[in-house]
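*Asks:* Residue numbers (this note's numbering): 241 to 491.
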């Protein structure tokens with residue numbers, strides 16, 4: 241009986257050790273995903289804070305099920321040009337494996353430093369067949385989250401070229417005085433921007449002017465060559481500041 245009790249104790253100890261080991265590792269999800277071209281598998285976005293109305297809220301990275309990518313040309317600045325390309329190094333599967341290795345699926349849903357006011361929240365969302373996981377980080381350091389962002393932003397993308405949406409948006413503000421250092425676009429770009437008869441009502445209504453995607457990208461490409469956001473446009477004797485953004489802002 242004493243020997244049987246000894247073996248039983250050993251067996252229980254081994255089972256407890258195995259259970260603890262399994263709990264520490266965490267159950268990893270299947271990386272199966274919807275491969276359709278309209279399905280966003282991985283998305284990175286940021287928002288919040290005292291953002292001006294003209295700040296573009298478009299996600300800085302989106303990877304679709306067919307391997308297509310739309311990403312910011314420069315994720316360190318606001319209102320960056322968006323580029324379109326195709327995932328390299330194993331495509332979507334390779335990207336998901338990199339995200340898994342970074343520890344993303346072991347993270348909690350939210351991390352916050354509530355001592356900081358009017359800060360920015362950075363979010364990563366991964367949508368798989370088994371479910372969707374979104375992690376929000378507000379003004380704090382989370383090593384696994386930082387590793388996830390590094391894996392996503394550093395993942396190879398081939399064939400990059402400017403992304404052309406179906407349409408873009410121009411937010412407009414009327415300037416009461418001529419700008420001291422106007423950033424006036426060249427004639428070929430200025431010709432793509434509507435005149436005072438459209439800009440003035442848009443400013444009054446606080447609604448953006450909708451322009452075709454191809455024209456929008458040309459305006460955006462010129463804007464990102466400037467140090468600051470926005471273009472200065474003189475129309476009908478009135479100066480306007482025009483801000484091109486990819487997505488209409490919801491108030």
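C-beta: ideal position from N, C-alpha, C; glycine also.
Can you tell me which residues form a DSSP beta bridge with residue 480?
*Replies:* Locating residue 480 in the chain shown gives position 240, where the first residue counts as 1. 414, 473, per the DSSP bridge assignment.
*Asks:* For a test of the three-state rule: what should DSSP assign to residue 488, helix, strand or coil?
*Replies:* Stepping through the chain shown from its first residue, residue 488 is reached at position 248. Of the three classes helix, strand and coil, the one that applies to residue 488 here is coil, per DSSP.
*Asks:* When the Cβ atoms of the stretch 319–337 are set against those of the stretch 398–410, are three or more pairs found closer than 8 Å?
*Replies:* Yes, the stretch 319–337 touches the stretch 398–410.
*Asks:* By the 10 Å Cβ neighbour count, where 16 or more other Cβ atoms means buried, how is residue 273 classified, buried or exposed?
*Replies:* Numbered from its first residue, the chain shown carries residue 273 at position 33. Label assigned to residue 273: buried.
*Asks:* Look at the Cβ atom of residue 382, then the Cβ atom of residue 286, and state whether they are nearer than 8 Å.
*Replies:* Within the chain shown, numbered from 1, the residue matching residue 382 stands at position 142. Within the chain shown, numbered from 1, the residue matching residue 286 stands at position 46. Not a contact, by the Cβ cut-off of 8 Å.
*Asks:* Can at least three beta-carbon pairs, one atom from the stretch 425–437 and one from the stretch 371–391, be found at a separation below 8 Å?
*Replies:* Result no; under three Cβ-Cβ pairs closer than 8 Å.
*Asks:* Short check: CB of residue 468 to CB of residue 408, under 8 Å?
*Replies:* To locate residue 468, count along the chain shown from 1; it is residue 228. To locate residue 408, count along the chain shown from 1; it is residue 168. No; because the gap between Cβ atoms is not below 8 Å, this pair is not in contact.
*Asks:* With C-beta atoms as the reference, is residue 458 less than 8 Å away from residue 472?
*Replies:* In the chain shown, the residue the question calls residue 458 occupies position 218. In the chain shown, the residue the question calls residue 472 occupies position 232. Not a contact, by the Cβ cut-off of 8 Å.
*Asks:* Per DSSP, residue 440 forms a beta bridge with which residues?
*Replies:* For this step, residue 440 is matched to residue 200 along the chain shown. Beta-bridge pairing links residue 440 to no other residue.
*Asks:* Which first and last residues belong to the alpha helix (DSSP H) in which residue 195 is found?
*Replies:* Because the chain in this structure spans residues 241 to 491, residue 195 falls outside the shown range and cannot be described.
*Asks:* Expressed to the nearest angstrom, what Euclidean distance is found between the alpha-carbon atoms of residue 263 and residue 348?
*Replies:* Here residue 263 corresponds to residue number 23 of the chain shown, with the count starting at 1. Here residue 348 corresponds to residue number 108 of the chain shown, with the count starting at 1. The predicted position of residue 263 is uncertain, since its pLDDT is 38 and thus under 50; no value can be drawn from it.
*Asks:* Measure how close the beta-carbons of residue 364 and residue 375 come, nearest whole angstrom, since I'm counting them as under 8 Å.
*Replies:* Counted from its first residue, the chain shown places residue 364 at position 124. Counted from its first residue, the chain shown places residue 375 at position 135. The Cβ separation is near 5 Å, so the contact holds.
*Asks:* Starting from the C-beta of residue 270, find all residues in its chain whose C-beta is less than 8 Å away, skip the five residues before and the five after it, and write them out in chain order.
*Replies:* Position 30 of the chain shown, counting from 1, holds the residue named residue 270. Hits under 8 Å: 368, 369, 370.
*Asks:* Any idea if residue 463 is buried or exposed, counting beta-carbon neighbours within 10 angstroms, 16 or more meaning buried?
*Replies:* Walking along the chain shown from the start, residue 463 turns up at place 223. It is buried - the Cβ of residue 463 has at least 16 other Cβ atoms within 10 Å.
*Asks:* Cβ of residue 346 within 8 Å of Cβ of residue 378?
*Replies:* Here residue 346 is taken as the residue at index 106 of the chain shown, counted from 1. Here residue 378 is taken as the residue at index 138 of the chain shown, counted from 1. Contact: no.
*Asks:* When burial is assigned at 16 or more other CB atoms within 10 Å of the CB, is residue 442 buried or exposed?
*Replies:* As a first step, residue 442 must be located in the chain shown, where it is residue number 202. By the 10 Å Cβ count, residue 442 comes out buried.
*Asks:* Are the Cβ atoms of residue 275 and residue 305 separated by less than 8 Å?
*Replies:* One-based indexing of the chain shown puts residue 275 at position 35. One-based indexing of the chain shown puts residue 305 at position 65. Yes, the pair counts as a contact, with Cβ atoms nearer than the cut-off.
*Asks:* Within 10 Å of its beta-carbon, does residue 358 have 16 or more other beta-carbons around it, so buried, or fewer, so exposed?
*Replies:* Along the chain shown, read from residue 1 onward, the residue named residue 358 stands at position 118. Exposed, because fewer than 16 other Cβ atoms sit within 10 Å of the Cβ of residue 358.
*Asks:* Quick check: the Cα distance between residue 291 and residue 311, rounded to an integer number of angstroms?
*Replies:* Locating residue 291 in the chain shown gives position 51, where the first residue counts as 1. Locating residue 311 in the chain shown gives position 71, where the first residue counts as 1. So the alpha carbons of these two residues sit roughly 21 Å apart.
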